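Residue numbers (my numbering): 2 to 384.
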Amino acid sequence: MKQDLKPLVIALAVGVPLAAAVVAFSVSAADEKMPAAVAAPKAALTVTVTQPQSASLPVRIAANGNVAAWQEASVGTEANGLRLAQVLVNVGDVVKRGQVLATFAPETVQADIAQMRAGLAEAEATLAEARANAQRARDLQASGALSAQQINQYSTAERTAQARVEAQQAMAKVQQLRLAQTRVLAPDNGVISARSATVGAVLPAGQELFRMIRQGRLEWRAEVPSAELAAVKVGMSAVVTPPNAAPLKGTVRMVAPTVDAQTRNGLVYVDLPTPGAAKAGMFARGEFEVGSGQGLTLPQSAVLLRDGFSYVLRVGPDSKVSETKVKVGRRVGDRIEIVDGLAADARVVAAGGGFLGDGDTVRVVDAAVKAAAASGTGAVTAK
């Protein structure tokens, strides 16, 4: 029995170290394969990249200002001491040149005209008698029946009567003019912007009844800093944006010859041919296009706004993204100018950067391939 156990003990003594060696070799081989799997991390997102492109960008000057009437007309009364009988228009009404806006009671003026006519008729009768007497005196001058002094008196009476007739005619014209002034007419085409006329009021001459925006034209009075005022020229185009309204196109009509000593701003008057939603007295922002210049641009989708700053995700040679802070400038269409912080040959994520963080690994595909995959005409195959 003891002889039978001896070979078994020997076999176990030899087999256990051999099994341990096999297990150790297997573990060692597995350890050698694991770094290969860890060395290839999975991409967080498939993206396309883009590079800054040089483009011609407009140079603009931003300004603020108020919308005002191009010219305002004050429509008042010329008749003195007459009662206002009718008011025919109100604020906001569009009127035409010569249109009746209000009328005064004409009875007083009509009575004065009747009196003037009677006085004129009397003066004409007196003139006819004086003219006949003067003519008879001149006919008798050769006979010596009348002295030279008498003849001269008759001639003077004729001239005096003629002067009285002319005075009465002038007074009659004044009364006719007063009668015409009982109708208040629009001095030009435009829009009524204010009304102070009240039916029944007895008004003195010169009292304002209406205020009117001539021809309905508005203008934007922009306040431009003195350092930039020289760049604005008459005839330049401007884009004016009233609050909560569509932008309006305007043209610079005049640049003020002086600058405010307190604010150091100068006024620029911009005509608004189509005011749209703009109203007189409204505040508006705007820009003047003063030229163009070259600049590096990226699609707006490539620029992220985080914590009040602009960033782009730059893609490195190892396909890892790094968050880069940039300074942006002008915007044209769907592109934005990169003023500082990015090299001209840098590669950045074109879109979808909001789903990535600093240090993420991405899979870069060609833009044409990605577009084909999105339209269903091709597919992107992972390798």
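Cβ atoms here follow ideal geometry from the backbone N, Cα and C, with glycine treated the same way.
Note that the structure is predicted; figures quoted are calculated from it, not measured.
Exposure label - Q169; buried when at least 16 CB within 10 Å
Here residue 169 refers to the residue found at position 168 of the sequence shown. Result: buried.
Could you tell me whether the Cβ atoms of A80 and A171 are closer together than 8 angstroms?
Against the sequence shown, residue 80 aligns to sequence position 79. Against the sequence shown, residue 171 aligns to sequence position 170. No, Cβ-Cβ distance for A80 and A171 is not below 8 angstroms.
Return the residue from the list I114, S320 and K250 that minimises the CA-CA distance to A181.
Locating residue 181 in the sequence shown gives position 180, where the first residue counts as 1. Checking every option, the nearest Cα to that of A181 belongs to I114.
Going by DSSP, what residue range makes up the alpha helix (DSSP H) through K250?
Within the sequence shown, the letter at position 249 stands for residue 250. No alpha helix (DSSP H) holds K250; the beta strand (DSSP E) holding it covers L249 to V260.
Please list the segments of the beta strand (DSSP E) lying wholly inside the stretch 262 to 333, counting only runs of 3 or more residues, in order along the chain.
266 to 273, 284 to 300, 305 to 307, 310 to 316 and 322 to 333
Between which two residues does the beta strand (DSSP E) carrying E209 extend?
One-based indexing of the sequence shown puts residue 209 at position 208. It spans E209 to R215 - the beta strand (DSSP E) in which E209 sits, taken as one unbroken run.
A164 and A131: beta carbons closer than 8 angstroms?
The residue you call residue 164 lines up with position 163 of the sequence shown. The residue you call residue 131 lines up with position 130 of the sequence shown. Against a cut-off of 8 angstroms, the Cβ pair of A131 and A164 comes out as no contact.
Out of G287, T199, Q154 and A129, which has the shortest C-alpha to C-alpha gap to Q87?
Here the question's residue 87 lines up with position 86 in the sequence shown. Comparing Cα positions, the closest option is T199.
The beta strand (DSSP E) spanning V225 covers which residue range?
Stepping through the sequence shown from its first residue, residue 225 is reached at position 224. Taken as a continuous stretch (DSSP letters only), the beta strand (DSSP E) holding V225 covers L219 to P226.
Whole runs of the beta strand (DSSP E) within the stretch 45 to 120, excluding any shorter than 3 residues
46 to 48, 54 to 70, 73 to 77, 83 to 88 and 101 to 105
In this structure, does DSSP put L147 in helix, strand or coil?
As a position in the sequence shown, residue 147 is number 146, starting the count at 1. Three-state result, L147: coil.
Give me the Cα-Cα distance between A311 and V322, rounded to the nearest whole angstrom.
Start at 1 with the first residue of the sequence shown, and residue 311 comes out as number 310. Start at 1 with the first residue of the sequence shown, and residue 322 comes out as number 321. Correcting the residue identity first, residue 311 is Ser in this sequence and not Ala. In a straight line, the C-alpha of S311 is about 16 angstroms away from that of V322.
Under the three-state DSSP convention, the category A351 falls into
In the sequence shown, residue 351 corresponds to position 350, counting from 1. Reduced to three states, the DSSP call for A351 is coil.
What did DSSP end up calling T362 once you bin it into helix, strand or coil?
Working through the sequence shown from its first residue, we reach residue 362 at position 361. Note: T362 maps to strand in three-state DSSP.
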